[in-house]
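Written below as structure tokens is the structure these notes are about.
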Amino acid sequence: MHYPVRIDPWTSLALSTDTFVSTDYPSPGNASTWLHAGKFGNGAKVARTYLKFDTTALTGKAILNADLKLWSYKSNACGMVVGSGIQVRRITSAWTKVTLSAQPTTTAEDAITNRASYGAPNCKEEWLWWSIEGIVADWANGAPNYGLQVRAANESDVTNWRMFHSAEFAGGHPPTLVVKYEDQGIVAPAGADGVEVFRGNGEDVPQMSDALSAALDKATEAAEANPVDLAQPYADAETGQLITPAVTTTGQTLAAKTLTGQAVTGEGSDDPTVPGAVEASEEGDAAEIPDTSAATTVSYSITSAVANAKYSAGSLQAIADEIADLDATQLPGAGDIHISGVQPQRNRVVVEATSASVEMRQALAARYGLDKVAIRLIDPAQVPITTESRNNDIGDYIAGGAAYGPCTTGFAWMDGRTAAMLTAGHCHDSTGASLGLVAYDTYGPKGTVKLSGQSKYRGDLALIYLTQRKGGGSASVWIGSPTSTQRRYVSGVYSEYAKVGDRYCVSGRVSGETCGWTVKEVGKSVRYGNSETVRYLVIGEKSSGTCTQPGDSGSPVYTIRQQDGRVVARGITSGGRRDQTEANFFLPCRHLFTDIRHAVNAMPGSIKRTTQTGIAR
Amino acid sequence: MKCHRSSALRLAMVATLTGLLTAGCVHSERLAVITEAVISPDERTVSVTFTGDRIDGKVCTAVDDTEVTETAQRVTIGIHLANVCEGSPTELVAGTGVEQTVQIHLTAPLGDRVVEMPDGQSITIRRP
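Shown next as structure tokens:
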């Protein structure tokens with residue numbers, strides 16, 4: 001066995017066909033120098049582009065990332081949101097030549113839409129990106145590759161089109177599909193050389209129902225309360241069955257309990273793509289009752305299955321905590337270990353490391369035994385680099401609380417398979433973000449605006465698709481000073497709207513992490529000094545210490561879980577008092593933020609969360 | 618050195634109630650967060666970049682004063698900011714950050730000395 005094992009880098013796949021068909025070109029060949037997709041001719045005409053890439057090398061591989069890039073050199077309008085956008089779909093029937101009347105079938109499953117638009121006559125040409133891991137993974141898992149269709153996301157649009165360079169265009173920028181993949185499975189089994197080494201996609205957590213999620217929280221609390229008798233519970237990825245492993249006979253009785261309670265529902269249930277916007281008048285806006293309602297709940301009653309486990313929750317957590325603190329004198333290669341945590345499904349601790357030497361494997365085996373710890377080899381690009389800091393978060397992944405452009409990042413978000421970042425809407429009134437595409441923005445030139453298809457105002461929020469970050473977002477937030485190199489992990493979103501008296505923390509690029517804030521008012525419409533009105537903000541105050549600053553806009557607002565140090569998202573920073581530095585007797589610091597419940601209800605998808613605990617380095 | 622409005626206001630209020638005010642103007646309490654320092658080829662000029670405030674489209678922070686302390690091991694750079702925008706300190710605003718730069722001159726070449734803010738936070742050095 002050779003170490004360190006390298007993981008495959010990005011691979012650009014060979015393009016085998018690119019063509020388009022449209023009302024104007026009903027039976028084209030494959031030799032045009034351009035490609036066309038969308039709606040034009042006053043809604044009467046349609047264009048669709050068809051692409052095929054050679055994916056034979058991907059069969060059976062784990063797809064880590066896949067990006068389709070098309071060079072948008074001409075379009076009907078410029079901007080981050082133009083029409084319904086252009087959608088990439090997986091084709092599901094064979095074809096060699098397309099005509100307007102004979103086109104292959106497609107599926108909306110794993111389809112990805114990019115609403116941005118570039119190119120003449122109104123703005124510069126630029127790549128448009130589609131993050132199509134889902135489609136490429138379908139092919140890798142055995143679905144036949146009949147290619148990709150590129151079309152208007154909603155073909156009822158009147159005008160919504162882009163033109164792209166084809167491979168035949170002499171000036172470059174051909175359709176490009178870059179893919180990152182790796183082999184899965186055990187690299188080296190546990191044995192004389194030490195503990196097991198494996199590779200695999202570590203963050204592939206199945207989407208859980210609200211009820212199952214609430215029941216798992218309760219089961220986890222039970223394991224934390226009985227660390228000797230129980231092991232860490234989990235939801236089986238295949239069946240969705242909640243499983244609580246027990247170490248002792250007492251534990252078996254505890255684990256067999258039926259878990260009941262109220263699960264909060266409605267996260268992401270407001271679909272912003274549903275048409276039929278309610279455009280209220282200014283008078284109607286003024287009379288609108290602030291949305292301070294709590295999310296709806298559903299009763300659940302879930303019986304956990306009991307499994308026998310060898311190691312208790314307490315013993316495994318103690319190992320995970322200890323490994324995080326070991327240095328190179330105690331564990332060879334400790335510097336290559338970046339994350340450690342319990343893998344409940346396997347009743348063991350997994351450390352994520354960029355290399356796994358025999359010395360490291362044997363040292364872990366000597367310290368903890370052969371089956372208590374395993375090493376997951378990870379791509380160096382997935383590692384939070386130690387030289388990275390809050391104001392220098394430059395890697396493939398970006399966490400919340402980081403400096404970017406004019407503001408601070410909030411919380412990593414997932415819209416389906418598209419990695420995104422939540423931040424403040426007012427940071428992006430006219431310009432795009434250095435992070436990627438501003439997909440949704442609740443803040444317009446005069447303050448809060450309703451998102452298309454939604455009837456409520458949602459404060460000051462933007463959701464940015466992280467097209468400029470290969471890895472996407474990290475489910476963590478920077479803590480400490482503006483130059484801090486430490487982060488906390490994100491456990492999820494708070495299940496209720498903020499209430500007066502709630503305490504919280506803020507973590508911005510300028511003022512760093514400040515805690516001790518108290519909610520003073522909720523659901524308020526606030527008129528900022530420039531006459532922009534932001535609707536439904538939470539207002540907090542702090543009577544001592546450092547205040548927030550304008551550059552902290554977009555930063556994460558959160559509480560910290562006592563039991564594991566993970567943060568629970570409460571909101572996104574919007575504003576504060578003009579020219580505040582330190583609180584004093586006469587003028588406390590004021591802080592205004594958008595409740596995270598508004599993001600949950602307004603934005604598609606959900607916050608990126610992780611079961612990792614402790615402080616990330 | 619300019620005294621910015623809100624400091625003066627706060628100090629005046631404190632003075633009225635406590636009678637402890639002895640000077641008309643003091644350092645602004647706001648220290649800039651320095652994001653990067655670019656060193657010139659002769660190692661004596663440092664271009665310091667920090668995050669200022671932009672409110673209603675206006676840059677509202679200006680360098681009020683700089684303090685540089687040099688020892689054999691370290692260089693401490695403090696950038697004190699003043700507010701240069703009109704507006705009541707009780708007014709609520711939603712601003713953003715804005716990158717601002719100021720040049721600092723050293724009495725000796727920087728060499729391998731570390732560069733810090735007055736509160737001990739390290740400053741990232743770049744040599745172009």
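In the order they appear, the protein sequences are chains A and B. Under my numbering, the letters of the first sequence match residues 1 to 617, in that order. Under my numbering, the letters of the second sequence match residues 618 to 745, in that order. Glycine included, each C-beta is placed from N, C-alpha and C at the ideal position. None of the values given here were measured: they were computed from a predicted structure.
### Message
Spatial neighbours of E168 of chain A within its chain, please: C-beta separation below 7 Å, excluding the five flanking residues on both sides.
### Response
A31, S32 and T33
#### Entry: Nearest-angstrom beta carbon gap, R346 of chain A and Y619 of chain A [assumed within contact, 8 Å]
Look at the range of chain A in this structure, 1 to 617, and you will see that residue 619 of chain A is not part of it.
### Span of the alpha helix (DSSP H) around S131 of chain A
Not the alpha helix (DSSP H): S131 of chain A falls in the beta strand (DSSP E), residues E126 to S131.
### Message
So, at 7 Å on beta carbons, what are the nonlocal neighbours of V99 of chain A in its own chain, with the 5 sequence-adjacent residues on each side left out?
### Response
Sequence inspection shows Thr at residue 99 of chain A; the Val mentioned does not correspond to that position. The residues are V21, P26 and S27.
### Query
Just checking, does the stretch 404-423 of chain A make contact with the stretch 593-603 of chain A on the three C-beta pairs under 8 Å criterion?
yes
### Query
Quick one: does P735 of chain B have its CB under 8 Å from some CB of chain A?
no
### Task
Can you pull the chain A residues whose beta carbon is under 7 Å from the beta carbon of D673 of chain B, in chain order?
G529 and N530
### Query
Could you give the residue range of the beta strand (DSSP E) that holds A246 of chain A?
L242 to A246
### Message
Let me make sure I understand the geometry here. Which of A:V342, A:I337 and A:S166 has the alpha-carbon closest to that of S357 of chain A?
### Response
A:I337
### Message
I need the boundaries of the beta strand (DSSP E) containing T668 of chain B, first residue and last residue.
### Response
T662 to I672
### Task
Could you tell me which residues DSSP puts in a beta bridge with P556 of chain A?
A:I572
#### Entry: Runs of beta strand (DSSP E) lying entirely within the stretch 387-456 of chain A, each at least 3 residues, in chain order
397-400, 411-415, 418-423 and 437-441
### Task
Give the straight-line distance between the Cα atoms of H165 of chain A and G171 of chain A, rounded to the nearest whole angstrom.
9 Å
### Task
Starting from the C-beta of T467 of chain A, find all residues in its chain whose C-beta is less than 6 Å away, skip the five residues before and the five after it, and write them out in chain order.
W129, G436 and L437
#### Entry: Local conformation of K608 of chain A per DSSP, three classes
coil
### Task
Determine whether the Cβ of R590 of chain A lies closer than 8 Å to any Cβ atom of chain B.
yes
### Task
Identify whether E703 of chain B lies in helix, strand or coil by the three-state DSSP scheme.
coil
### Task
Kindly list, in the order they appear in chain B, the residues whose Cβ is closer than 7 Å to that of Q549 of chain A.
D670
### Message
At the level of alpha carbons, what is the spacing between S304 of chain A and A188 of chain A?
### Response
33 Å
#### Entry: Contacts of V719 of chain B in chain A (Cβ-Cβ under 8 Å)
Result: empty, since nearest Cβ-Cβ is about 16 Å, beyond 8 Å.
### Task
With a 10 Å radius around its C-beta and 16 neighbouring C-beta atoms as the bar for buried, classify R609 of chain A as buried or exposed.
buried
### Query
Can you name the residues of chain B whose CB is closer than 9 Å to the CB of H426 of chain A?
A711, G712 and T713
### Query
In the stretch 647-664 of chain B, which residues sit with their C-beta less than 7 Å from some C-beta in chain A, listed in chain order?
R647, V650 and T652
### Message
List, in chain order, every chain A residue whose beta-carbon is nearer than 7 Å to that of G806 of chain B.
### Response
Within the shown structure, residues of chain B are numbered from 618 to 745, placing residue 806 of chain B beyond reach of any answer.
### Task
Assess, as a yes-or-no matter, whether the stretch 55-66 of chain A is touched by the stretch 138-147 of chain A under the definition of 3 or more beta carbon pairs within less than 8 Å.
yes
### Task
Taking only the alpha-carbon atoms, compute the straight-line gap between S293 of chain A and D564 of chain A and give it to the nearest angstrom.
Interpretation of S293 of chain A is limited by its pLDDT of 37, a score under 50 that renders its predicted location unreliable; the figure taken from the coordinates is listed afterwards. S293 of chain A and D564 of chain A: Cα-Cα distance of roughly 29 Å.
#### Entry: Of the residues A:G523, A:G471 and A:V477, the one placed nearest E496 of chain A, counting alpha carbons only
A:G523
### Message
Between A640 of chain B and chain A, is the shortest Cβ-Cβ distance under 8 Å, so that the two count as touching?
### Response
Because A640 of chain B sits at a pLDDT of 37, beneath the cut-off of 50, its placement in the model cannot be relied upon, and the point is left open.
### Query
Alpha carbon to alpha carbon, what distance is there between A328 of chain A and T581 of chain A?
42 Å
### Query
Taking only beta-carbon atoms, is L587 of chain A less than 8 Å away from chain B?
yes
### Query
For E267 of chain A, does the three-state DSSP call read helix, strand or coil?
Below a pLDDT of 50, predicted positions are generally treated as unreliable, and E267 of chain A, at 33, falls in that range; the measurement from the model is reported next regardless. Of the three classes helix, strand and coil, the one that applies to E267 of chain A here is coil, per DSSP.
### Task
May I ask you to verify whether the stretch 73-88 of chain A touches the stretch 110-118 of chain A, counting CB pairs closer than 8 Å and requiring at least 3?
yes
### Query
Should L331 of chain A be counted as a contact of the ligand FAD given a C-beta to heavy atom distance under 7 Å?
Inclusion of the ligand FAD in the displayed structure is not the case, the ligand content being empty and no account of it being possible.
### Query
Going by C-alpha distance, which of A:G540, A:V342, A:K456 and A:T23 is nearest G43 of chain A?
A:T23
#### Entry: Validate contact between the stretch 311-329 of chain A and the stretch 148-155 of chain A using beta carbons, cut 8 Å, 3 pairs
no
### Limits of the beta strand (DSSP E) - the one that E653 of chain B falls within
I651 to I656
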